[in-house]
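Student: Protein chains in written order, with our numbering: chain A, 359 to 470; chain B, 12 to 125.
Each residue gets a CB set at the ideal place from its N, CA and C atoms; glycine is no exception.
Here the structure is a predicted model, which means the values were calculated and not measured.
Starting off with a structure, shown below.
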Amino acid sequence: EPEVTQTPSHQVTQMGQEVILRCVPISNHLYFYWYRQILGQKVEFLVSFYNNEISEKSEIFDDQFSVERPDGSNFTLKIRSTKLEDSAMYFCASSASTDTQYFGPGTRLTVL
Amino acid sequence: SQKIEQNSEALNIQEGKTATLTCNYTNYSPAYLQWYRQDPGRGPVFLLLIRENEKEKRKERLKVTFDTTLKQSLFHITASQPADSATYLCALDSSSGGSYIPTFGRGTSLIVHP
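See the structure below:
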């Protein structure tokens, strides 16, 4: 069964550094998403991406964040200058339509 | 303000019993509601979607109801098994227009005892 994959599984970085989180969505899916989940908190929507552009973004998704689909398979989330409060699990998801989403296993980001 | 409420206390039940989890919401008019399962350290796994014009949806041992008047969804697992132990999340579509912005509840932990 096709799955969403994410790399790395765990990323440790120093405050102020840039990180890029990578995702490979399910191949025939058209809609892509990033979420984060701070430890013990709820899953929070960051951004959705369709047709090579951002379709929706939340208040969390400020100028420090960007997304890109650099080729036909990868979907990336970049955080330009990480802060301590960016420490969280980051989940990528994809969907064939605008309802059911399939989540990846997540990247645990630790900012020191 | 918009709220999604799921019982923050863990639900403990005996194997074989029916587990019932609740999702209440305020100040939303969702086109649909979804239930997900999340295991520790893992991403949410989609279980069921129910639309605003549907009262009930079933899939194997799972049943979801959706009452837009009460602004409530109930999620049932019949003949529960220890393997059903996980956190169950409800998510609402809080977008307008064609795009989808899902909002998740905090989830309810289910523990099924053998």
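Distance, Cα to Cα, B:Asn23 vs B:Val123?
Tutor: Cα-Cα distance, rounded: 6 Å.
Student: Mind checking whether the beta-carbon of B:Val123 lies closer than 7 Å to any heavy atom of the ligand PLP?
Tutor: Of ligands this structure carries none, so the ligand PLP is not represented either.
Student: Do B:Gln17 and B:Thr80 come within 8 Å of each other at the CB atom, strictly closer than that value?
Tutor: No, they are not a contact pair.
Student: Could you give the distance in angstroms between the alpha-carbon of B:Gly54 and the alpha-carbon of A:Ser424?
Tutor: Looking at the two C-alpha atoms, the distance is approximately 21 Å.
Student: Of all the residues that make up the segment 42-59 of chain B, which are near chain A by a beta-carbon distance shorter than 9 Å?
Tutor: From the segment 42-59 of chain B, only Ala42, Tyr43, Gln45, Tyr47, Gln49, Gly52, Arg53, Gly54, Pro55, Val56, Phe57 have a Cβ closer than 9 Å to chain A.
Student: Any Cβ of chain A within less than 8 Å of the Cβ of B:Leu32?
Tutor: So no, B:Leu32 is outside the interface.
Student: So what's A:Glu443 in DSSP terms, helix, strand or just coil?
Tutor: In this structure, A:Glu443 counts as helix in the three-state DSSP scheme.
Student: A:Asp457 versus chain B: which residues are under 8 Å apart at the beta carbon?
Tutor: Those within 8 Å of A:Asp457 in chain B are Tyr43, Gln45, Leu60, Asp104, Tyr111.
Student: Taking the DSSP output, what are the residues bridged to A:Thr363?
Tutor: A:Val382.
Student: Under three-state DSSP, which class holds B:Asp104?
Tutor: Looking at B:Asp104 - three-state DSSP - the assignment turns out to be strand.
Student: Among A:Phe461, A:Ile418, A:Asp457, which one has its Cα closest to the Cα of A:Glu443?
Tutor: Selected option, being the one with the closest Cα: A:Ile418.
Student: So, B:Lys70 versus B:Leu85, is the Cβ gap smaller than 8 Å?
Tutor: No, these two residues do not count as a Cβ contact at 8 Å.
Student: Does A:Glu417 get closer than 8 Å to chain B when you measure Cβ to Cβ?
Tutor: Chain B contact via Cβ: absent.
Student: Rounded to a whole number of angstroms, what is the C-alpha to C-alpha distance between B:Glu26 and B:Pro51?
Tutor: Rounded to whole angstroms, B:Glu26 to B:Pro51 spans 21 Å at the Cα level.
Student: Taking the straight line between their C-alpha atoms, what separation do you get for A:Gln395 and A:Val401?
Tutor: Cα-Cα distance, rounded: 5 Å.
Student: Am I right that B:Leu100 and B:Tyr36 are in contact with their C-beta atoms under 8 Å? What's the rounded C-beta distance?
Tutor: At roughly 13 Å, the Cβ-Cβ gap does not stay under 8 Å, so B:Leu100 and B:Tyr36 are not in contact.
Student: If B:Pro41 sits next to B:Leu121, beta carbons under 8 Å apart, how far is it from one beta carbon to the other, in whole angstroms?
Tutor: Not confirmed; about 23 Å, so no contact.
Student: On the three-state DSSP scale, how would you describe A:Ala451?
Tutor: If DSSP states are grouped into helix, strand and coil, A:Ala451 belongs with the strands.
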